[in-house]
Amino acid sequence: MYTAPVAALTALLALVPALGAPTEKRAQPITVDLVRVPKAIPADPHQATLENRLKFTGNHEDRTRIKDELSKIRSKQAGQAQAINWGAQYAVPIDLGTPSQHYDILFDTGSSDTWVWGSECTDSLCQALPGFDATKSSTVSDAHYQRNLSVSYGDGSEAHGDYIRDKVAVGGISLDYDLGIAKTADIKGYAHTNIAGIMGATRVGILQTDEGLEVDPKTNPWWVEAYQKGLIPEGIIGLDITPAGLEDAETTKTPGGKLTIGGVDQGAIAGEIDWIPIGSNPIFWTLQLDGVGHKDSGAFGKYGKPIIIDSGSTAIQLPKAVLDPAVLKVKGAKDAYNGGQYLVPCDTKESLTLRFSGKDFELLARDWVGREAGNGQCLSQVIYYSPLGGDPLDSRGAIIGDVFFHSQYSAYRLEPAAVGFARYKRDA
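Numbered per mature numbering (1 follows the signal peptide of the UniProt record, and there is no 0), the sequence shown spans residues -20 to -1, 1 to 408.
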């Protein structure tokens, strides 16, 4: 994870358009249904850790080293039957152009760009679903911010192409927006799922340079621009993610919860959102994670570092020194010795707690206990990794993914910048 010098960041943030003073009359928040899409994820936790590092690392030399190591791992795997875990990510329905062309695209709080593949894309993935055809839209024009689309993600997914400007609508909120149109696209693990792109939902636009990731003052994520134009009442998004076990088939597509843009869904939560100020990272949604605890015994693994909150990731990954004290306190739990997961009795009812800036939030057993491995034992959805270097609390690769959002409603606020959690009403 890259953090630019404070002075440079201050200068960049000063260029970002003010988030207040909407230019038009504000509407009510909108809530749209999400679709849960199964995704094959590597069972090798070291590979998963490297993929997380790659997604949030901007430094060119670091990215090159990580890509080389991942390439070696994948080359060894080629032609072999691979152990696969099944996770899930969540897609939001969007309408593009005039007349509208409808797509489901992944909703990702860990990236900023919104893109779909275009009708010109000839990659095998693009053949499963027709791409956006700009020639059929009467409202298409040149992008206001001329640049090439070139985005990559930790799992090796990539998209390359251009930007256009056209109507981009979610849940009835439509605005003219610079939309990425991929001429080549490869989204790992989503073949045959009808997923056609990604909608980024960070706080700011992201510019990738050789030195690292920086704030791009010339662009904003779609939802931020909707707020600036007064189309939503608050600079807040809320995620209600349906609890889900690991899926068994790539083609399964099921209801996945709800996304609220411009506020939170009060009908989904018990009580109020408990807001936690974000850390110093100017780009991502980061919180100070004090550690992970075992709710019943009070056993606690200390961490004390910032961690990225990312709806575009599936599992919770932390150093072994953080997870061992809490997870191994669960009756019958043991290290699976597969490089990162734990084996726990499938009938486990014991919760874990994640402590952010002194506040505890529950991770229910139904969410952190995953699929059966045999003999009544299940694999955990909290995964440890060995430190990369001498620090047992090395934060490279640490992530809070969707597993946690099955237990806690999550909300993301621009001003003052914060992430919030609340218990679901269905679990009260």
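Note that CB positions come from ideal geometry on N, CA and C, so glycine has one too.
Note that this is a predicted model, so its numbers are computed, not measured.
Residue i - DSSP class collapsed to helix/strand/coil
i: Trp255; result: strand
i: Arg127; result: coil
i: Val302; result: helix
i: Cys358; result: strand
i: Phe401; result: strand
i: Phe341; result: strand
i: Tyr317; result: coil
i: Tyr133; result: coil
i: Ala176; result: strand
i: Arg183; result: coil
i: Ser117; result: coil
i: Gly247; result: helix
i: Phe264; result: coil
i: Asp103; result: coil
Sequence-distant residues of the same chain with beta carbon closer than 6 Å to residue i, five excluded per side
i: Tyr83; result: Ile74, Val96, Ala176
i: Tyr404; result: Tyr389
i: Ser154; result: Lys147
i: Glu100; result: Lys163
i: Thr240; result: Pro9, Thr11, Gly218
i: Gly141; result: Leu129, Ile161, Ala162, Lys163
i: Leu308; result: none
i: Tyr125; result: Asp158, Lys198, Thr199
Residue closest to residue i, alpha-carbon to alpha-carbon, out of the options
i: Asp270; options: Phe112, Asp13, Leu334; result: Leu334
i: Val349; options: Gly210, Val324, Ile296; result: Val324
i: Gly77; options: Asp88, Lys300, Lys116, Ile85; result: Lys116
i: Gln8; options: Ile217, Ser118, Arg403, Ala295; result: Ile217
i: Asp407; options: Gly320, Gly278, Phe385; result: Phe385
i: Asn355; options: Ile186, Asp327, Ala301, Gln246; result: Asp327
i: Tyr317; options: His140, Glu100, Pro286, Ser366; result: Ser366
i: Gly312; options: Pro213, Cys358, Ile379; result: Cys358
i: Ala68; options: Val383, Ser387, Glu395; result: Val383
i: Lys174; options: Asp371, Pro110, Arg127; result: The sequence given here has Asn at residue 174, not Lys. The shortest C-alpha separation from Asn174 is found at Pro110.
i: Ala123; options: Phe112, Tyr143, Asp315, Pro197; result: Tyr143
i: Asp371; options: Val120, Gln321, Ala301, Ser387; result: Ala301
i: Ser121; options: Phe112, Arg145, Leu105; result: Arg145
i: Phe87; options: Val17, Gln126, Tyr125; result: Val17
Alpha-carbon spacing of residue i relative to residue j, whole angstroms
i: Arg393; j: Asp158; result: 23 Å
i: Leu303; j: Pro257; result: 24 Å
i: Thr3; j: Phe401; result: Bear in mind that a pLDDT of 48 at Thr3, under 50, signals an unreliable position, so the model cannot answer this.
i: Pro299; j: Lys282; result: 10 Å
i: Pro223; j: Glu138; result: 28 Å
i: Gly98; j: Leu344; result: 41 Å
i: Gly152; j: Ile287; result: 34 Å
i: Ser277; j: Val310; result: 9 Å
i: Gln81; j: Ala114; result: 10 Å
i: Ala391; j: Phe336; result: 14 Å
i: Ile212; j: Asp220; result: 18 Å
i: Ala279; j: Gly273; result: 6 Å
i: Ala108; j: Glu330; result: 42 Å
i: Gln361; j: Ala306; result: 14 Å
i: Val150; j: Tyr364; result: 37 Å
i: Leu193; j: Pro79; result: 36 Å
i: Ser260; j: Val15; result: 32 Å
i: Ala378; j: Gly251; result: 29 Å
i: Glu395; j: Glu352; result: 43 Å
i: Val72; j: Ala206; result: 16 Å
i: Ile186; j: Thr199; result: 8 Å
i: Thr119; j: Gln208; result: 21 Å
i: Pro197; j: Val244; result: 27 Å
Cβ-heavy atom distance, residue i to the ligand ADP, below 8 Å
i: Ser293; result: The ligand ADP is not part of the structure shown, which contains no ligands of any sort.
Identified DSSP bridge partners for residue i
i: Gln188; result: Leu193
i: His274; result: Leu332
i: Gln297; result: Ile363, Ile379
i: Thr89; result: Answer is none; Thr89 lacks a bridge partner.
i: Ile10; result: Ile241
i: Lys163; result: None, per the DSSP bridge assignment.
i: Gly218; result: Thr240, Ala391
i: Tyr207; result: Answer by DSSP bridge pairing: none, since Tyr207 is not bridged.
i: Gly350; result: Answer is none; Gly350 lacks a bridge partner.
i: Leu269; result: Lys285, Phe336
i: Gly72; result: Reading off the sequence shown, one finds Val at residue 72, where the question assumed Gly. Val72 pairs with Ile85.
i: Leu323; result: Lys314, Leu359
Cβ-based neighbour list, residue i, same chain, cut-off 7 Å, excluding 5 preceding and 5 following
i: Ser202; result: Looking at the sequence provided, one finds Trp at residue 202 rather than Ser. Excluding sequence neighbours, Trp202 sits near Thr94, Val148, Tyr157, Met179.
i: Asp13; result: Pro235, Lys238
i: Arg346; result: Pro223
i: Asp254; result: Lys339, Gly400, Phe401, Ala402
i: Gly381; result: Asp290, Ser293, Thr294, Ala295, Ile296
i: Asp103; result: Thr164, Ala165, Asp166
i: Glu342; result: Lys275, Ser331, Thr333, Ser387
8 Å Cβ shell around residue i - same chain, five flanking residues per side excluded
i: Thr182; result: Thr89, Gly90, Ser91, Ser92, Pro201, Ile263, Phe264, Trp265
i: Ala397; result: Arg183, Pro257, Ile258
i: Gly284; result: Gln268, Leu269, Asp270, Gly271, Leu373
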